[in-house]
Every structure is written in structure tokens, then in C-alpha cells.
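Below: the structure, in C-alpha cells.
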Amino acid sequence: MVIEGHGEPIWDQVMAKAGVPGDSFLSMRSYDDEITYRLAVASSDVLGIDVDTALHAFGQHWVNHTLARDYDALVRSTGSTMLEFLGNLNALHDRISTTFLDYQPPEFRVSELENNRMDVEYISHRKGLKSFVSGLLVALSDRFGEPMTIQEVEDLVVSDGTHTRFKLLMDG
Ligand code: HEM
340 MVIEGHGEPI WDQVMAKAGV PGDSFLSMRS YDDEITYRLA VASSDVLGID VDTALHAFGQ
400 HWVNHTLARD YDALVRSTGS TMLEFLGNLN ALHDRISTTF LDYQPPEFRV SELENNRMDV
460 EYISHRKGLK SFVSGLLVAL SDRFGEPMTI QEVEDLVVSD GTHTRFKLLM DG
């Protein structure tokens, strides 16, 4: 996302600031979460935006670029509406667990409410990725042609990780 929007030299600055060597990433391998967090903070520093704004933008970019480019067939077979897709997302994450090493995907619980509302709960052993998820949800709703706005973000009490409820309202 940084390279597409700002060019390689800016990304090199981000990597240097984060102290992440250029050869840290291998396709289909996991890397330490610490690297993700350092890159998010360094990107927001270099671009002069706050971390949550950067993570939200990254969530949207991931759906509009990565998901659209690399996983289009998988997305289509997972659901044709936002509700159906999110309802099958845990199964999708489970199905690919043999492909990725040291894999700890999040869990989503979705419920359709009256008056064009939908609640999506996000449960993860990680912290700090809520804004990434809000970007993912907004972009996904656009992808399914059901644009939605996040009305409320409610943090539920957990001893570890994150449990957040996003209250979505369909636009229009
Ligand atoms: C074909 C589509 C998808 C693939 C291949 C995929 C794969 C993955 C992988 C490999 C991880 C890293 C987990 C780890 O290393 O421990 C991950 C994490 C994650 N995925 Fe997916 N995913 C897909 C779709 C989605 C979608 C549509 C969403 C949107 C709601 C989503 C939400 C997340 C989140 C929020 C994380 C961050 C981990 C966390 O919160 O703990 N994924 N996914």
C-alpha cells in the first residue's frame, strides 16, 4: 500500500525506521507480530498520519487489492452477500490453516438485526488491530454492493487479546 501510494523510497524509509531488514518476508510464511506493529507505527510516522488511520486504510487496501487480486474465486465461493460471507469466514480461515505455519486466525460472529443493521464481533488473541478490521468491514460491504457505515465500536471485556463488537448500518 505504501509503495503503490508513495513509491519505493518512502517504503525503504519505513523499513529503516522500523528496523526491519528487507529480506524479512517469505511468501506463505508467518513472521513475528512485533514486525507488523513496528511497520504500522513506522508507516504512520513517515506519512504523518495516526496509526489507526493507517491501519483502517490498510484494511480497505487489503480487501480492494490483495483479496480482489489473489483470492477472488475463494471469496466468490464463500458467500454472495456480506452476511453469508462473514458467516463462512471462520470456516475459510480454518480451511487454510494447513497452508500457513504458526497460524492464529481471528474469529468473527455475525448477526443480522432489524432495520438494515448488522453486528459483527471480532475476537482475536492479538491486540491493536481493531482499525484494520474496521477498514476490512467497510471495504467488504462495498465489494458486496451493500455499503455500510460503522455506527459504534464496542469493546467487550477480555483477559487477553481483543473482543470487539462493530455495529454496522447499511447506507441508504
Ligand atoms: C481468502 C481470504 C483470506 C485469507 C487467505 C486469509 C488469511 C489470513 C492469514 C494467513 C492471516 C494471518 C494469521 C496468522 O498468521 O496468525 C489472517 C489474519 C487475519 N484475517 Fe484473514 N484471510 C482471508 C480473509 C479475511 C477477511 C475477508 C477478513 C475480514 C474480515 C479477514 C480478517 C483477518 C484479520 C482481522 C486477521 C488478523 C489477525 C488477528 O486479528 O488476530 N481475513 N488471515
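Under the numbering used here, the residue at position 33 of the sequence shown is numbered 372, and the numbers go up by one with no gaps. Glycine included, every Cβ here is placed at the ideal spot set by N, Cα and C.
When every heavy atom of ligand 1 is checked, does at least one fall within less than 8 Å of the C-beta of H291? The first residue shown for the chain is 340 and the last is 511, placing residue 291 beyond what the model contains.
Compute the minimum distance between the beta carbon of S463 and the heavy atoms of ligand 1, and state whether it is under 8 Å. Taking the first residue of the sequence shown as position 1, residue 463 is located at position 124. It does: the Cβ of S463 is within 8 Å (strictly closer) of some heavy atom of ligand 1.
Span separating the alpha-carbon of R448 from that of V492: Taking the sequence shown and counting its residues from 1, one reaches residue 448 at position 109. Taking the sequence shown and counting its residues from 1, one reaches residue 492 at position 153. Spanning the two alpha carbons is a distance of roughly 14 Å.
Starting from the Cα of S470, find the closest Cα among L406, H395 and E373 and give me that residue. The residue given as residue 470 occupies position 131 in the sequence shown. Measuring from the Cα of S470, the nearest candidate turns out to be H395.
Check R482 in the structure and name its three-state DSSP category. Indexing the sequence shown from 1 puts residue 482 at position 143. Three-state DSSP puts R482 in a helix.
Please find out if some non-hydrogen atom of ligand 1 comes closer than 8 Å to the beta-carbon of P444. Residue 444 sits at position 105 when you count from the first residue of the sequence shown. Flag set: Cβ of P444 near ligand 1.
Residue from R482, M421 and L431 with nearest C-alpha to D458: Along the sequence shown, read from residue 1 onward, the residue named residue 458 stands at position 119. The candidate whose alpha carbon is nearest that of D458 is M421.
Flag F364 as yes when its Cβ comes closer than 8 Å to any non-hydrogen atom of ligand 1, and as no otherwise. Translated into the one-based positions of the sequence shown, residue 364 becomes position 25. False, no ligand heavy atom lies under 8 Å from that Cβ.
Nearest to V359 by alpha carbon, out of S366, I374, H345 and A407? The residue given as residue 359 occupies position 20 in the sequence shown. Nearest of S366, I374, H345 and A407 to V359, Cα basis: I374.
Report the three-state DSSP secondary structure of I388 (helix, strand or coil). Sequence index remark: in the sequence shown, residue 388 carries index 49 (1-based). It is coil, neither helix nor strand.
By DSSP, does Y376 sit in helix, in strand, or in coil? Translated into the one-based positions of the sequence shown, residue 376 becomes position 37. Three-state DSSP puts Y376 in a helix.
Would you mind listing the alpha helix (DSSP H) stretches within the segment 403-481 that are 4+ residues and don't spill past its ends, in chain order? Given a length threshold of 4 residues, each whole run of the alpha helix (DSSP H) inside the segment 403-481 is given here in chain order: 411-417, 421-426 and 428-434.
Can you grab the Cα-Cα spacing for the pair D433 / Y370, in whole Å? As a working note, residue 433 is residue 94 in the sequence shown. As a working note, residue 370 is residue 31 in the sequence shown. Straight-line Cα distance between these residues: approximately 19 Å.
Is V472 near ligand 1 - that is, is its Cβ less than 8 Å away from at least one heavy atom of it? For this step, residue 472 is matched to residue 133 along the sequence shown. At least one heavy atom of ligand 1 lies closer than 8 Å to the C-beta of V472.
Please classify F505: does DSSP put it in a helix, a strand, or coil? Reading the sequence shown from its first residue, position 166 is the one you call residue 505. If DSSP states are grouped into helix, strand and coil, F505 belongs with the strands.
Nearest-angstrom Cα distance between R408 and E343? Here residue 408 refers to the residue found at position 69 when the sequence shown is read from its first residue. Here residue 343 refers to the residue found at position 4 when the sequence shown is read from its first residue. Roughly 15 Å between the two C-alpha positions.
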